[in-house]
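*Asks:* In our numbering, the protein residues as written are -7 to 80.
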Amino acid sequence: MTSRRLKGDGHGDAELPCRSSHALEQVREYLSGTADEAEVVAQELQAQPDGIHSVPSVVIGKHRVSGGQPPEYFTRVLQAAAAKAGNV
């Protein structure tokens, strides 16, 4: 297996292990197409009423944490949720 670089859909280069150029072409075709677009849109529409508008998103108690956050932020949110639940 060799590693090849593939330009995705504007999110930068991805390092992909491909067994053949055929597999690489399948990946290129998938990334440039709309194969799972309807499913992704349906999941987005389902999540939006819950206040989830970005990935990654985590719900801890009634707190929504959107985007990548440092560990210290998660510690504070977890401590707040535990305190509110009376577990501290």
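Built from N, CA and C at the ideal position, the CB exists for glycine as well.
Please read all numbers here as calculations on a predicted model, not as lab measurements.
Since residue 49 is in the beta strand (DSSP E), which residue starts that stretch and which ends it?
*Replies:* The residue you call residue 49 lines up with position 57 of the sequence shown. Unbroken beta strand (DSSP E) run through residue 49: 49 to 52.
*Asks:* Under 8 Å between the Cβ atoms of residue 44 and residue 24?
*Replies:* In the sequence shown, the residue the question calls residue 44 occupies position 52. In the sequence shown, the residue the question calls residue 24 occupies position 32. No, the pair does not count as a contact, with Cβ atoms beyond the cut-off.
*Asks:* Is DSSP giving residue 45 helix, strand or coil here?
*Replies:* The count along the sequence shown starts at 1 and reaches residue 45 at position 53. Shown here, residue 45 sits in coil according to DSSP, grouped into three states, outside any helix or strand.
*Asks:* Do you know offhand how far residue 67's Cα is from residue 55's?
*Replies:* Here residue 67 corresponds to residue number 75 of the sequence shown, with the count starting at 1. Here residue 55 corresponds to residue number 63 of the sequence shown, with the count starting at 1. Straight-line Cα distance between these residues: approximately 12 Å.
*Asks:* Is it the case that the Cβ atoms of residue 53 and residue 27 are separated by a distance below 8 Å?
*Replies:* One-based indexing of the sequence shown puts residue 53 at position 61. One-based indexing of the sequence shown puts residue 27 at position 35. Against a cut-off of 8 Å, the Cβ pair of residue 27 and residue 53 comes out as no contact.
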